[in-house]
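The opening residue of the sequence shown carries number 110 in my numbering; numbering runs sequentially from there. Built from N, CA and C at the ideal position, the CB exists for glycine as well. Here the structure comes first, spelled out in structure tokens, and everything after it is commentary.
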Amino acid sequence: MEFPAKLSPFSCRMSKLIIGESLFPSINPTQLTMPSQKTFIVKQKLAKKARQNRPLPQWFRLKTDNKIQYNAKRRHWRRTKLNL
């Protein structure tokens, strides 16, 4: 795509947003939002996943003689989604 001299790529992106074309056609718009009023079941599941997503306690590393060094099921909020 070629840009005229006075038009930058940023303003082209903004015009796409104003026109309504998506910059990310493969992403469903409902995947980008999370309701502020969650159901109780969803809130419980999110709380459980938040509790599970923590590093190993140091005493456990000492107990296992450093055979288990990290939590293999650790999850980053942006890389791995929960699909609730």
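Within 8 Å, strictly: CB atoms of residue i and residue j
i	j	result
Asn180	Leu193	no
Ile177	Arg187	no
Beta-carbon proximity list for residue i, same chain, < 6 Å, skipping 5 on both sides
i	result
Lys190	none
Ser282	Absent from the structure is residue 282, since the part of the chain shown begins at 110 and ends at 193.
Nonlocal neighbours in the same chain, by C-beta distance under 7 Å from residue i, ignoring five residues either side
i	result
Lys154	Leu193
Residues of its chain near residue i, where Cβ-Cβ distance is below 8 Å and the 5 sequence neighbours each way are ignored
i	result
Lys147	Leu155
Val151	Leu193
Are at least three pairs of beta-carbons, each pair with one atom in the segment 156 to 164 and one in the segment 182 to 193, less than 8 Å apart?
These segments touch.
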